[in-house]
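One structure is given below, encoded as structure tokens.
Laid out in structure tokens, this is it:
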């Protein structure tokens, strides 16, 4: 693609352009589905929309949940995860947990925590890598559970922004889904794979 730039031409590389007639499902299948598939296999993945304010990042990520054809990447990923779990063999066991944080001025706040004024510390351990100390997490059993918890976190984000005279548009929010997948191997032992999906709403 060659967009015009100050009378000249600037060359940019794109993995996949989504055209004006692309549906929300098209966008999900082209961009997010392969990442979620990898997370279900035990890898970590991140999905974020990047761009200037007003360019449609939030619509691309969230869409309109009340209209199935306009659901964005986030609700489609919820349905994808639990659709996969529903079709899995009975001997495979899954545990799905979620957490929701807000980052503002390099400070981390737990959007699902009891104390919304608390600022959390980012730590690192040799065995698990980077983690957030005292971050709350919730087990979810279906896509509706996940959506309700994310909505609660978003409400806390907006309330917190008003109380501290901040604007949510200047903060980043990260909704993390941790999926543990247990199966009995040929050795008769339980083997567990764990993947994390980070869904990011950038300022």
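In UniProt numbering, the protein residues as written are 1 to 203.
We put the beta carbon where it would ideally sit given N, CA and C, even for glycine.
Here the structure is a predicted model, which means the values were calculated and not measured.
query                                                                                                                                                 : result
In terms of residue numbering, what span does the beta strand (DSSP E) encompassing residue 107 cover?                                                : 107-110
Would you mind listing the beta strand (DSSP E) stretches within the region 22-79 that are 3+ residues and don't spill past its ends, in chain order? : 45-48
Would you please state the rounded distance, in angstroms, between the beta carbons of residue 200 and residue 177? I believe it to be under 8 Å.     : Not confirmed; about 12 Å, so no contact.
From residue 137 to residue 197, what distance separates their C-alpha atoms?                                                                         : 14 Å
Expressed to the nearest angstrom, what Euclidean distance is found between the alpha-carbon atoms of residue 66 and residue 151?                     : 13 Å
Find the nearest neighbour of residue 70 within the set 24, 123 and 146, judged by alpha-carbon distance.                                             : 24
I'd like to know whether the C-beta atoms of residue 79 and residue 143 end up nearer to each other than 7 Å.                                         : yes
Output yes or no for whether 7 Å exceeds the beta carbon distance between residue 181 and residue 94.                                                 : yes
Consult DSSP for residue 177 and reduce its assignment to one of helix, strand or coil.                                                               : strand
Assuming residue 190 is part of the beta strand (DSSP E), what are its boundary residues?                                                             : 190-201
Find the nearest neighbour of residue 88 within the set 40, 74 and 46, judged by alpha-carbon distance.                                               : 40
Quick check on the DSSP output: the beta strand (DSSP E) that includes residue 100 runs from which residue to which?                                  : 93-104
Would you check if the region 92-110 and the region 182-190 touch, i.e. whether three or more CB-CB distances between them fall below 8 Å?            : yes
For residue 139, which beta-bridge partners are listed by DSSP?                                                                                       : 97
Are the beta-carbon atoms of residue 157 and residue 121 separated by less than 7 Å?                                                                  : no
Would you say residue 107 and residue 119 are within 7 Å of each other, going by their C-beta atoms?                                                  : yes
Which of the three DSSP states, helix, strand or coil, is assigned to residue 132?                                                                    : strand
Taking the beta strand (DSSP E) that residue 124 belongs to, which residues open and close that run?                                                  : 122-125
Between 131, 117 and 38, which has its C-alpha nearest residue 123's C-alpha?                                                                         : 131
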